[in-house]
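Colleague: Residue numbers (my numbering): 55 to 346.
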């Protein structure tokens, strides 16, 4: 997919809002009646309610498991307001660029639609899964459902960054967020599992041909040097791993991982970390490192 080359590197956006963003958001409406502070572009109140409601539910659920609640504010933006308040240049990518502000698109867009491959070039079973998972209410195909769920992945970074966890590895930051995301969807929104699972599984099933970097050691040392498509492959691998980990241990694994990373502050060698994960968390989490 030609557009894949500039997308999933921003699964974890490391950009920062400039200080000027502390201004009042006078061009946006504030959504009232929720525990999360949220702003939205005019005409998108219902969409904002859906997004904020999901994030609120996810925070409430995860907080109930781990005993911590991050601070977050949401911005649901149309294409006009995106350049002013977002940091990702292409409209549509949810990003959580600092510890409290999460930006989400208010409407479907070409960016999301660009990830649907030509279905006539895919095996029939895979094409059917994509059609079922990513068909919108008006009958068109879009990745809107997948990208909406990525907002919860970004919330995961708020949890571990504000919660004081020692993540040990960059890949663990991403894996933690995907375990959290998968746990919430599986437990509270199981009907959305296909939207979460089909795209990453499609990418992983495509193999490693064409990727310069494929090891976890490469990810740690060269994540900022690899091309976006290569980075996106890692993210999809970690999405699939999140599914395997949840299926093996359920919500309990997320709790154990949170507690383990919070309590252990000393940096570990690869051998120490693998042993820690295997003994204290789960074999499936350890396997991400040892059987990559």
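Think of the CB as a built atom: it goes at the ideal place given N, C-alpha and C, for glycine as much as any other residue.
1) For a minimum of 3 consecutive residues, which ranges assigned as the beta strand (DSSP E) are wholly contained in the segment 76-109?
2) Determine the contact status of residue 26 and residue 165, defining contact as a CB-CB distance below 8 Å.
3) With 16 other CB atoms within 10 Å as the buried threshold, where does residue 143 fall?
4) Looking only at C-alpha atoms, which of 277, 81, 259, 342 sits nearest to residue 266?
5) Verify whether the separation of the beta carbon atoms of residue 106 and residue 85 is less than 8 Å.
6) Since residue 155 is in the beta strand (DSSP E), which residue starts that stretch and which ends it?
7) Am I right that residue 248 and residue 183 are in contact with their C-beta atoms under 8 Å? What's the rounded C-beta distance?
8) Please go through the same chain and pick out, in chain order, the residues whose beta-carbon is closer than 6 Å to the beta-carbon of residue 190, but skip the five residues on each side of it.
9) So for residue 170, helix, strand or coil by DSSP?
10) One question on the structure: do residue 314 and residue 297 come within less than 8 Å of each other, judged by their Cβ atoms?
11) Got a sec? Which residues, its chain only, sit under 6 Å from residue 343 by beta carbon, not counting five neighbours each side?
12) Give the DSSP-derived three-state secondary structure of residue 307 in the structure shown.
13) At what residue ranges does the segment 193-242 contain a whole run of the alpha helix (DSSP H), taking only runs of 4 or more?
14) What span of residues does the beta strand (DSSP E) with residue 270 cover, start to end?
15) Would residue 198 and residue 162 qualify as a contact pair, given that the criterion is a beta-carbon distance under 8 Å?
16) For residue 110, which residues from the same chain have a beta carbon less than 8 Å from its beta carbon, with the 5 sequence-adjacent residues on both sides left out?
17) Give the DSSP-derived three-state secondary structure of residue 336 in the structure shown.
18) Residues in the same chain with beta-carbon distance under 7 Å from residue 119, minus the five sequence neighbours each way, listed in chain order, please.
19) Is the beta carbon of residue 300 less than 8 Å from the beta carbon of residue 240?
20) Taking the DSSP output, what are the residues bridged to residue 149?
21) Taking 8 Å as the cut-off, decide whether the C-beta atoms of residue 201 and residue 116 are in contact.
22) Roughly how many angstroms separate the alpha carbons of residue 354 and residue 253, rounded to a whole number?
23) My output table needs one value for residue 247: the three-state DSSP class, helix, strand or coil.
24) What does residue 130 pair with, by DSSP beta-bridge criteria?
25) With respect to the alpha helix (DSSP H) encompassing residue 135, which residues constitute its N-terminal and C-terminal limits?
26) Alpha carbon to alpha carbon, what distance is there between residue 268 and residue 262?
27) Rank 237, 229, 325, 255 by C-alpha distance to the C-alpha of residue 292 and give the top, closest one.
28) Does the Cβ of residue 112 have 16 or more other Cβ atoms within 10 Å, making it buried, or fewer, making it exposed?
29) In whole angstroms, what is the alpha-carbon distance linking residue 326 and residue 203?
Modeller: Put simply:
1) 83-85, 91-94
2) Outside the displayed span of the chain (55 to 346) sits residue 26, for which this structure offers no information.
3) exposed
4) Of 277, 81, 259, 342, the residue nearest in Cα terms is 277.
5) yes
6) Membership of residue 155 in the beta strand (DSSP E) is indicated by the continuous run 155-159.
7) 7 Å
8) Once the five neighbours on either side are set aside, the close Cβ partners of residue 190 are 196.
9) coil
10) no
11) Beyond the five residues adjoining it in sequence on each side, residue 343 comes within less than 6 Å, by CB distance, of 328 in the same chain, given in chain order.
12) helix
13) Runs found: 198-216, 224-242.
14) Not the beta strand (DSSP E): residue 270 falls in the alpha helix (DSSP H), residues 270-276.
15) Result yes, Cβ atoms of residue 198 and residue 162 sit closer than 8 Å.
16) 88, 89, 90
17) coil
18) 305, 308, 309.
19) Taking 8 Å as the cut-off, the beta carbon of residue 300 is found closer than this to the beta carbon of residue 240.
20) Under DSSP, residue 149 takes part in a beta bridge, and its partners are 157.
21) no
22) What the structure shows of the chain is the stretch from 55 to 346, and residue 354 is not part of that stretch, so it cannot be assessed.
23) helix
24) Under DSSP, residue 130 shares a beta bridge with 94, 158.
25) Unbroken run through residue 135: none, as it is neither H nor E.
26) Across the structure, residue 262 and residue 268 are spaced so that their CA atoms are roughly 7 Å apart.
27) 229
28) buried
29) 33 Å
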